[in-house]
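Visitor: Protein chains in written order, with the numbering used here: chain A, 1 to 408; chain B, 1 to 244.
Virtual Cβ for every residue (Gly too), placed ideally from N, Cα, C.
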Amino acid sequence: MRISDTLQTAMKAVSVNRSRAMLTMLGIIIGVGSVVLMSSIGASMQLVILGQISSLGARSMVIFPGSTDGGPNPLATGHDSLTFDDVDALKRLKTIETLAPVIFIPGKAEYGREEASTQNLGVVNYFFENQNIYLQTGRLIDDADNEGAKYVAMLGSDAREKLFGQNDPIGKRVKIGDAHYTVVGLVKPLGSQFFQNVDNRIYVPYNTARQVTGQKYVNYVTMRSTTLPELALEDVKSLLRQRHKIDNPKDEAKKDDFGVRTSSQANDLLGGVSLGLTLFITTIASISLLVGGIGIMNIMIVSVTERTREIGLRKAVGATRRNILLQFLAEAVVLTLTGGLIGAIGGVATAWFAAALVKTVLATYVFVISWNSIFAAFLMAAVTGLVFGIAPARKAANLSPMEALRYE
Amino acid sequence: MEKNIPLIEIRGLSKSYFNEGIETPVLHSLDLAINKGEFVSIMGPSGSGKSTLMQILGFLDLQTSGTYLFQGEPTQRMDDDDLARIRATRVSFVFQAFNLLPRTTVTQNVMLPLLYHPVIPHRERAERALKAVQTVGLGDRADYLSSQLSGGQKQRVAIARALVTDPDVIFADEPTGNLDSASGIAVMEALQQLHKDGHTIILVTHERGTAEHAERIINIKDGHIESDTRSFQRKFAGKGKALK
């Protein structure tokens with residue numbers, strides 16, 4: 001019997017009872033569909049995060065005060081381990097190209113009757129370069145603003161929207177805490193960096209922030225290394241350990257009181273998240289396909305019993321054990337592959353709809369089809385068909401033609 | 001040379017079924033020869049062993065002991081695949097319950113044995129099937145679904161299916177058992193026509209009237225051949241003289 005005959009016979013047998021076939025395939029459809037959907041979302045999120053990392057640049061680094069292993073959010077205020085002297089010392093490192101300390105100014109921003117919860121940062125002009133933040137209109141905060149501790153401000157697009165709507169804010173004065181700042185520029189919308197809304201910020205000169213907060217420490221420092229970020233990372237760590245008298249960072253009593261994050265570390269973190277996601281998807285897929293496979297086996301056994309006389313007839317007209325075995329195996333594989341196809345189409349469609357929805361809140365989200373996962377899901381579906389089809393197929397193949405023909 | 005060799009020859013053939021160690025003998029040391037082109041009825045009451053004999057002669061089952069020679073070739077050492085190959089090429093069956101595939105057309109039903117035939121090429125299948133369907137007078141219903149046919153028509157489709165591989169022998173197991181008398185006569189006429197065309201036909205039945213269509217009747221009772229008579233002998237016996 002030719003392979004094409006076997007497949008044709010299998011497809012006909014499956015198509016004869018469509019509603020049963022659909023119910024049988026449901027487990028496989030859900031299994032494959034969820035794998036394709038999750039993989040697509042995973043790949044899209046990976047792109048979003050990669051985009052955020054690359055928006056910072058490969059040489060970008062951040063130093064923040066406080067311990068890195070657990071504890072409170074290192075970017076939150078209240079940690080005073082990074083001093084102005086530390087910043088001056090870091091500036092002298094040869095592996096650092098640009099360095100920009102940041103000070104938070106607590107409080108809401110106000111303009112007239114409008115009030116907005118914004119993130120207010122005191123920065124130097126390198127900050128914009130380090131973070132790939134670009135000017136839209138007006139001008140950037142410059143060295144003169146900083147040295148003169150002027151009361152000027154730049155607005156992110158969301159902060160501008162909240163305070164001024166569509167009106168031009170340049171030249172207007174916003175109030176943060178007790179101080180008034182003249183708006184000199186607007187930055188281009190950037191979306192989010194590491195899931196922080198960068199567009200909700202108000203930037204003022206670093207020295208002005210020092211003045212209004214009276215802080216003796218910085219909240220974090222952004223940097224760009226000259227060459228390899230790894231070298232700069234080592235330099236920064238050894239300098240700060242030396243200055244903070246940390247001889248053995250592994251010692252619980254006197255461990256690092258600062259943390260450094262590089263883009264490559266973020267990439268590694270992303271790799272870990274991807275691995276976790278892959279394991280998660282594989283687990284879902286395995287469970288769904290196992291359940292789907294048991295469903296297929298169940299129905300195939302029922303089918304063999306129902307079609308005992310047909311099997312007897314086929315054997316009577318010359319079918320060998322192998323012919324019958326292959327026919328029923330092919331039916332199981334046709335069921336799982338059809339289920340896989342429907343699942344894959346459903347998964348892609350759902351991922352597309354999900355992408356359209358997410359895009360409304362996360363502009364950088366893109367719809368991605370993970371062909372590898374579709375291929376893997378299909379392969380797993382086919383293997384499921386083969387594995388769970390083998391028992392019913394063997395049952396059919398081993399039927400005696402005479403007994404099968406007599407079956408009532 | 002081949003003319004002297006019977007198509008089917010059994011010597012001392014016995015068959016027993018075993019269930020949980022208990023032996024139930026069904027056929028007892030039968031001797032029989034059937035020549036090519038014969039139309040033979042194997043007749044007997046229910047439980048006589050006639051169907052078991054047909055299953056062994058049709059390679060659906062194996063004897064427990066004794067010899068079965070098919071065209072002079074011994075069959076007892078054949079494995080499952082050998083038996084399947086013989087069923088695909090040398091013998092065919094017409095069953096009491098028709099055993100047509102549901103939701104399948106007449107032609108597709110008739111084509112079924114060709115799927116498993118090792119020699120007949122794929123491109124000849126449709127043509128052969130249509131020819132067989134026409135032979136049994138159902139050419140105008142070739143595209144009907146099997147469920148759209150009457151009982152008699154279904155059995156004629158089964159006969160066409162038995163014909164399509166051009167086998168050496170056609171076994172018909174109670175072919176009129178599920179039919180009304182008119183349809184039964186039509187089916188028997190079809191089998192007689194096949195016989196006239198040169199086919200060897202072995203009919204299994206418990207009805208004397210049906211068996212009478214054959215030129216030779218082998219009567220089986222309790223697993224033994226009770227009589228083996230030909231039509232001319234039966235005519236003679238009808239005039240009062242017993243003949244063996």
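Determine, for Val-16/A, whether the minimum Cβ-Cβ distance to residues of chain B falls below 8 Å.
Guide: Yes, its Cβ sits closer than 8 Å to a Cβ of chain B.
Visitor: Exposed or buried, what is Ser-263/A when buried is set at 16 or more other beta-carbons lying within 10 Å of its beta-carbon?
Guide: buried
Visitor: What does a CB cutoff of less than 6 Å around Ile-342/A pick up in its chain, not counting 5 residues either side in sequence?
Guide: For Ile-342/A, where only same-chain residues beyond five positions count, the Cβ hits under 6 Å are Ile-29.
Visitor: Using beta-carbon positions only, say whether Lys-36/B and Val-204/B come within less than 8 Å of one another.
Guide: no
Visitor: Run through the region 222-268 of chain A for me and flag every whole beta strand (DSSP E) of 3 or more residues, listed as ranges in chain order.
Guide: 258-262
Visitor: Enumerate in chain order the residues of its own chain whose CB-to-CB distance from Glu-114/A is below 6 Å, with the five nearest sequence positions on each side excluded.
Guide: Leu-163
Visitor: If you follow the beta strand (DSSP E) that Pro-205/A is part of, which residue opens it and which one closes it?
Guide: 201-205
Visitor: Would DSSP call Phe-84/A helix, strand or coil?
Guide: DSSP, read as helix, strand or coil, puts Phe-84/A in helix.
Visitor: Does the beta-carbon of Ser-147/B have 16 or more other beta-carbons within 10 angstroms, so that it is buried, or is it exposed?
Guide: Exposed.
Visitor: Bridge partners for Ile-103/A per DSSP, in chain order?
Guide: Gly-122/A
Visitor: Could you confirm whether any beta carbon from chain A is found closer than 8 Å to the beta carbon of Pro-121/B?
Guide: Interface criterion not met: the Cβ of Pro-121/B is under 8 Å from no Cβ in chain A.
Visitor: Looking at chain B, is there any beta carbon in it that lies within less than 8 Å of the beta carbon of Met-1/A?
Guide: yes
Visitor: Decide yes or no for the touch test of the region 169-184 of chain B against the region 198-212 of chain B: beta carbon pairs closer than 8 Å, at least 3 of them.
Guide: Cβ pair count under 8 Å is three or more, so yes.
Visitor: Leaving out five residues on either side along the sequence, give the residues of the same chain with a beta carbon under 6 Å from the beta carbon of Asp-228/B.
Guide: Ile-218
Visitor: Please list the partners that Asp-5/A has in chain B, where partner means a Cβ-to-Cβ separation under 7 Å.
Guide: Leu-115
Visitor: Is there contact here, the region 250-260 of chain A with the region 342-362 of chain A, by at least three beta-carbon pairs under 8 Å?
Guide: Under the three-pair Cβ rule at 8 Å, the region 250-260 of chain A does not count as touching the region 342-362 of chain A.
Visitor: Can you find a CB in chain B that lies within less than 8 Å of the CB of Met-45/A?
Guide: Cβ-Cβ to chain B under 8 Å: no for Met-45/A.
Visitor: Verify the CB distance criterion: does Val-309/A have a CB-CB separation below 8 Å to chain B?
Guide: Val is not the amino acid found at residue 309/A; the sequence shown has Arg there. At least one chain B Cβ lies under 8 Å of Arg-309/A.
Visitor: Pull up the DSSP beta-bridge partners for Asp-173/B, would you.
Guide: Residue pairing from DSSP places Asp-173/B in a beta bridge opposite Val-204/B.
Visitor: Return the chain-ordered list of same chain residues with a C-beta closer than 8 Å to the C-beta of Val-174/A, the five sequence neighbours on each side being excluded.
Guide: Ala-109, Glu-110, Tyr-111, Ala-153, Leu-155, Leu-163, His-180, Tyr-181, Val-183, Ile-202
Visitor: Checking contacts by CB at 8 Å: is Ala-88/B closer than that to chain A?
Guide: yes
Visitor: Please say whether Asn-120/A and Asp-158/A have beta carbons closer to each other than 8 Å?
Guide: no
Visitor: Phe-328/A lies in the alpha helix (DSSP H); which residues open and close that run?
Guide: Where Phe-328/A is concerned, the enclosing alpha helix (DSSP H) stretches over 321-359.
Visitor: For Val-35/A and Pro-167/B, I'd like the C-alpha separation in whole angstroms.
Guide: 53 Å
Visitor: Pick helix, strand or coil for His-195/B, following the three-state DSSP scheme.
Guide: helix
Visitor: What are the start and end residues of the beta strand (DSSP E) that includes Val-119/B?
Guide: It is not in any beta strand (DSSP E) - Val-119/B carries neither H nor E in the DSSP assignment.
Visitor: For the region 312-332 of chain A, list every residue whose C-beta sits within 9 Å of some C-beta in chain B, in sequence order.
Guide: Gly-312, Leu-313, Arg-314, Lys-315, Ala-316, Val-317, Gly-318, Ala-319, Thr-320, Arg-321, Arg-322, Asn-323
Visitor: In terms of residues, what are the limits of the beta strand (DSSP E) holding Gly-12/B?
Guide: 8-19
Visitor: Run down chain B in chain order and give the residues with a C-beta less than 9 Å from the C-beta of Met-38/A.
Guide: The premise fails here: Met-38/A is roughly 39 Å from chain B at the closest Cβ pair, so nothing lies under 9 Å.
Visitor: For the beta strand (DSSP E) containing Glu-23/B, name the first residue and the last one.
Guide: 22-34
Visitor: Which residue wins for smallest C-alpha separation from Val-106/B, given the options Arg-156/B, Thr-67/B, Pro-118/B?
Guide: Of Arg-156/B, Thr-67/B, Pro-118/B, the residue nearest in Cα terms is Arg-156/B.
Visitor: For Ser-117/A, count the other beta carbons within 10 Å of its own beta carbon; 16 or more makes it buried, fewer makes it exposed. Which is it?
Guide: exposed
Visitor: Determine the chain A residues that contact Asn-99/B at a beta-carbon separation under 9 Å, and present them in chain order.
Guide: Arg-309, Glu-310, Gly-312, Leu-313, Ala-316, Leu-405
Visitor: Starting from Glu-226/B, follow the beta strand (DSSP E) in both directions and report where the run begins and ends.
Guide: 224-230 is the span of the beta strand (DSSP E), which, as asked, contains Glu-226/B.
Visitor: Which residues bound the beta strand (DSSP E) around Asn-219/B?
Guide: 216-221
Visitor: Could you check the C-alpha separation between Ser-4/A and Leu-53/B for me, to the nearest Å?
Guide: 36 Å
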